[in-house]
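Residue numbers (the working numbering), protein chains in the order written: chain A, -10 to 439; chain B, 594 to 1015. By construction, the Cβ of each residue, glycine as well, lies at the ideal position given by its N, Cα and C atoms. Fair warning: this is a prediction, and the values are worked out from it, not measured in the lab. Working notes, structure below.
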């Protein structure tokens, strides 16, 4: 049965507390900071999509120059505080740490990054001074990591920025799409406010592109437009039974979790989660932590091909989620309009496909799982309609850009709507790239001959 | 098992590790704890005229997350009444007759004061004396401590007074707050001291508080120069020790080595450069007396490994290996080699060489790991890369002699060989 309020207040608080707790004391941070070797042309920096000068910011913690440390992080990545909590660091900076090559624990880079950035946000250290207004105006669609990063970079250079956000809060997937034990709603709000603290950025909430305003409106009113509207809709499974009561997509499941009190979120007794990406892990662990008795993750390939990191995979296993490899949903069965079973094909791996991963093929065998809830986390779909409406050039509905510029004059784009859905840190870098392209367009580009 | 016992001018101890004259040797309770822990001997904290101490007294230099790399103090000689110290010395000697009981002395600057103090200490059961000619703070303003050690003439006079009276071995402790310890060392040996010990602490300021702007240690808004010791001073101590061990006059007497000794390895280094016993203070103040256990075990194991049966088998063995620059072999050459299997690609060797040395390491870009290779022709063999490399034995220095024969700077000049390598 799907129902809410399965746990006590204390259980909810415990289940959704910080999964990567911060350093408890300055001494603890200093001990870790002093372990850093201060590599030259450091592998951790190269592995960071925003190229944070990791050895420098860690050295600055060691010299007790926390303000300098926070500046070093934010100058490369204004979303550095959020990234310290949600980045899959084991495949980025920490995965590249040279200590791995000595069979030693890598430096806890994320934890150190959190240390500096959290102090900076708590004290509202505004570490960047906005240049005098240039009179140029830019509109940004979407107040997620890409939009905020772009806005901050533009505002620093004296551009007046207006962000149009369809939700009632900023932060994008940080606020609405990430497991609650990684970031709290309060943190997301604080981070957005911290970014806005530089001034010169206005966010207009509850404003959706194509509904409340059009791209043409923006082009008329602003000198340039940056599209950072992300991807939204969950990919459909296209199997029978998908409309039964008890079938939910992971994005809206997590969205509800992040916008309501935990006790209000209904979850099944026996839950199947389709997919093995980061969002699938988030959905599975959150379902378990909301009180589901059994959570089974169903993935059509093997552990070799799973898109989530080992680290995330471990969290799901430690939470007691069961994983069935080489299983593809074939049909969701129901009774009285409610989910009762998930029928799956047993798969086997064939030849490598375009992504280089061996593609699964049905073996002809099937099996069924008794479940009362199915959460779909098989990827997200782009906003196809929006993209068609404005004739923005795309490839499989990922916007096509050339140095951040779309095919439409004065319209730039970046983040998930371009890359199809990557990490927060990738979006933050895209925002920086977008800002630099826009600044070049506004201040250096030669006027085009008519 | 090697025999690590020591016989220093007839003062016997089960091992060569003594606690230096300092706060840890100020009271019976401390010294008993030290002997129970296994220390071979103590130099009882300096006795002399009644003094009064201030608060605070210590400060330190922390480095790279490690506390007390260097340590300084502004404490004076023992501030406890003389009769209490003497009574406790007697009691301790009775309880631990097999341990060295040397008493540090700093009498007022007249013959009678010294003679009186010597008699009282000998009566109390002291096995030897150490003359404190080194304390760099407080006592110097009164014409004692380093004020004596910095002037060979005065030092000689005081040693002569002492030797007139003392019937037990006398060690004279030298101050490092001089350009060379040899003049005072020679004067003291000529005046008859039976042994020398060094170094005492070095005048210092460990740091300044960036909030109060008052240097450390803090005493009611002010500070004074304090005596510096701990691991940071070891290299300076070893240098001064070597000069005493090499000088034709001072090398005639045994030496007790002091200065930043924290481990058995440090101790062995001091002994190789001429110290017969070693004295420890800061390491014990940081960790407690228990450190002596590993000092004994480590020394023993090292001696067994090297085949030394007694400590006399290796004392002074490295003294002749420190020579004059103009005697070094110019034809000796070695170059760095990076073991690619061990390299963790941290780039520390590269940036050190590129920025501050001879641009002798090449960088081949990789994502995320660069590859670093030595440019042998450009390598001068300075060791810098090997020193900064965080991986044991990753960078080694490979001998590549320029020519087989020995040639030094003087010979080089005489033969008119070319000077410019570049």
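Identify whether residue i lies in helix, strand or coil by the three-state DSSP scheme.
i              : result
residue 238/A  : strand
residue 37/A   : coil
residue 115/A  : coil
residue 859/B  : helix
residue 226/A  : coil
residue 438/A  : Because residue 438/A sits at a pLDDT of 46, beneath the cut-off of 50, its placement in the model cannot be relied upon, and the following sentence gives the value as read from the coordinates. Looking at residue 438/A - three-state DSSP - the assignment turns out to be coil, as it is neither helix nor strand.
residue 927/B  : strand
residue 726/B  : coil
residue 292/A  : helix
residue 998/B  : coil
residue 943/B  : helix
residue 120/A  : coil
residue 655/B  : strand
residue 104/A  : helix
residue 663/B  : strand
residue 300/A  : helix
residue 347/A  : strand
residue 1004/B : helix
residue 690/B  : coil
residue 395/A  : coil
residue 704/B  : helix
residue 324/A  : strand
residue 202/A  : strand
Less than 8 angstroms between the CB atoms is what I'm expecting for residue i and residue j, so what's the real figure, rounded?
i             : j             : result
residue 321/A : residue 229/A : 7 angstroms
residue 76/A  : residue 413/A : 7 angstroms
residue 692/B : residue 603/B : So it is not a contact: roughly 14 angstroms between Cβ atoms.
residue 369/A : residue 224/A : 6 angstroms
residue 39/A  : residue 417/A : 6 angstroms
residue 931/B : residue 967/B : 6 angstroms
residue 950/B : residue 980/B : Contact doesn't hold; Cβ gap of about 11 angstroms is too wide.
residue 47/A  : residue 96/A  : 7 angstroms
Considering only residues of the same chain and omitting the five flanking positions on each side of residue i, which have a CB-CB separation below 7 angstroms?
i             : result
residue 60/A  : 116
residue 277/A : 284, 308, 309 and 310
residue 231/A : 225 and 321
residue 355/A : 319, 332, 333, 334 and 335
residue 291/A : 314, 315 and 338
residue 439/A : At residue 439/A, the pLDDT of 39 sits below 50, so the modelled position is not reliable and the matter cannot be decided from this model.
residue 623/B : 617
residue 330/A : 322, 357, 358, 359 and 360
residue 689/B : 628
In chain A, which residues lie with their C-beta within 7 angstroms of the C-beta of residue i?
i             : result
residue 991/B : Result: empty, since nearest Cβ-Cβ is about 23 angstroms, beyond 7 angstroms.
residue 663/B : By Cβ distance, chain A contributes nothing, its closest Cβ being about 17 angstroms from residue 663/B, past 7 angstroms.
Going along chain B in order, which residues have a C-beta closer than 7 angstroms to the C-beta of residue i?
i            : result
residue 30/A : 940 and 963
residue 20/A : 658
residue 23/A : 657 and 658
residue 87/A : 937, 938 and 939
Ordered along the chain, which non-local residues of its own chain (more than five positions away) have a Cβ less than 6 angstroms from that of residue i?
i             : result
residue 373/A : 386
residue -5/A  : 280
residue 879/B : 661
residue 300/A : 79
Hey, would you say the C-beta of residue i is under 7 angstroms away from at least one heavy atom of the ligand ADP?
i             : result
residue 890/B : Among the ligands in the structure shown, none appear at all, so the ligand ADP cannot be discussed.
Report the neighbours of residue i on chain A: residues whose CB is nearer than 9 angstroms to its CB, in chain order.
i             : result
residue 821/B : Those do not exist, as residue 821/B stays about 23 angstroms from chain A at its closest Cβ, beyond 9 angstroms.
So with CB distances below 8 angstroms, who are the chain B contacts of residue i?
i            : result
residue 80/A : Per Cβ cutoff of 8 angstroms: no residues; residue 80/A is ~12 angstroms from chain B at best.
What does residue i touch in chain B if you count any residue whose Cβ is under 9 angstroms from its own?
i            : result
residue 56/A : By Cβ distance, chain B contributes nothing, its closest Cβ being about 14 angstroms from residue 56/A, past 9 angstroms.
So which residues on chain A does residue i lean against when the C-beta distance must stay under 8 angstroms?
i             : result
residue 960/B : 35
residue 931/B : Going along chain A, no residue has its Cβ under 8 angstroms from residue 931/B, so there is no contact; the nearest lies around 14 angstroms.
residue 984/B : 91
Got a sec? Which residues, its chain only, sit under 8 angstroms from residue i by beta carbon, not counting five neighbours each side?
i             : result
residue 744/B : 777
residue 56/A  : 109, 114 and 116
Would the segment 632 to 649 of chain B count as touching the segment 665 to 676 of chain B if we require 3 or more Cβ pairs under 8 angstroms?
yes
Is it true that the segment 123 to 133 of chain A meets the segment 188 to 208 of chain A, where meeting means three or more beta-carbon pairs spaced less than 8 angstroms apart?
A contact is defined here as three or more CB-CB pairs under 8 angstroms, and the segment 123 to 133 of chain A meets this definition with respect to the segment 188 to 208 of chain A.
Please confirm if the segment 86 to 103 of chain A is in contact with the segment 935 to 943 of chain B, defined as three or more CB-CB distances below 8 angstroms between the two stretches.
yes
Looking at C-beta atoms only, is the number of pairs between the segment 878 to 891 of chain B and the segment 603 to 619 of chain B that lie closer than 8 angstroms three or more?
yes
So, does the segment 48 to 62 of chain A touch the segment 95 to 105 of chain A, judging by three or more C-beta pairs under 8 angstroms?
Between the segment 48 to 62 of chain A and the segment 95 to 105 of chain A there are three or more C-beta pairs closer than 8 angstroms, enough to call the two in contact.
Quick check: the segment 832 to 840 of chain B against the segment 863 to 872 of chain B, are there 3 or more CB pairs under 8 angstroms?
Touching, yes, given that three or more Cβ pairs across the two stretches are closer than 8 angstroms.
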